[in-house]
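Note that this note's numbering gives residue 10 to position 1 of the sequence shown, counting from 1, and the numbers run on in steps of one.
For reference, the structure is listed below as structure tokens.
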Amino acid sequence: MVDKVVWSDEYLLGVNEIDSQHKKLVEYANDLYDVASVGGQEYEKKMQSVLKNLTDYTLYHFSAEEEFMKKHDYLGIAAHKMAHDSFINEVKNQMKLLSADNAASGLKFYSFVANWVLTHIAKADKIWAKFVKENG
């Protein structure tokens, strides 16, 4: 069984706007966990709602983050945007594979999303945040 992600301040970048968006992104991912781990009669309807919220917020966040990097002339923005685009494409592909009532598929998808988001914050986002702090 997959464990639910608990936010940790080790993921903070020191950029309040982006940090609050990251926390919200983890909350949306955890909504996915909640629906997938419970299943039940309303599974398909709840899953559709959670996936819409997650994808809409992810697109909003990625756009805000990329604008922030542009504003601070971060040179690695193209590679960072490619990582974002790759994640969005993988999410779209995975969403097609989710069966309507298969909680195991939902948990597998949650594991992918949570791992990607946390790894991305801990590695790629920390790099640009350091750049912004040093070149402010």
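Yeah, the Cβ is synthetic: ideal placement off N, Cα and C, and Gly gets one too.
Note that the coordinates shown come from a computational prediction; the quantities given were computed from them, not determined experimentally.
Exercise. What are the start and end residues of the alpha helix (DSSP H) that includes alanine 133?
Worked result: Position 124 of the sequence shown, counted from the start, is the residue given in the question as residue 133. Counting along the chain, alanine 133 falls outside any alpha helix (DSSP H), and DSSP gives it neither H nor E.
Exercise. How do the stretch 12-28 and the stretch 89-97 stand: do at least 3 beta-carbon pairs fall below 8 Å, yes or no?
Worked result: Here the stretch 12-28 makes no contact with the stretch 89-97; the two share fewer than three CB pairs at distances below 8 Å.
Problem set entry | Complete alpha helix (DSSP H) runs within the stretch 18-89 (minimum length 4 residues, chain order) | 25-47, 52-80, all fully within the stretch 18-89.
For this session: Can you have a look at glutamine 50 and say buried or exposed, based on whether 16 or more other CB atoms are within 10 angstroms of its CB?
Result: Taking the first residue of the sequence shown as 1, we reach residue 50 at position 41. Exposed: under 16 other Cβ atoms inside 10 Å.
For this session: Can you have a look at isoleucine 136 and say buried or exposed, based on whether 16 or more other CB atoms are within 10 angstroms of its CB?
Result: The sequence position of residue 136 within the sequence shown is 127, counting from 1. The residue in question, isoleucine 136, is exposed, as its Cβ has fewer than 16 Cβ neighbours within 10 Å.
For this session: Please determine if the stretch 41-60 and the stretch 114-132 are in contact, where contact requires at least 3 C-beta pairs separated by less than 8 Å.
Result: Yes, the stretch 41-60 is in contact with the stretch 114-132.
Exercise. Per DSSP, what kind of secondary structure is tryptophan 125 in: helix, strand or coil?
Worked result: If you number the sequence shown from 1, residue 125 lands on position 116. If DSSP states are grouped into helix, strand and coil, tryptophan 125 belongs with the helices.
Problem set entry | Residue burial classification, aspartate 94 (beta-carbon count within 10 angstroms, cutoff 16) | Position 85 of the sequence shown, counting from 1, holds the residue named residue 94. Looking at its Cβ environment, which holds fewer than 16 other Cβ atoms inside 10 Å, aspartate 94 is exposed.
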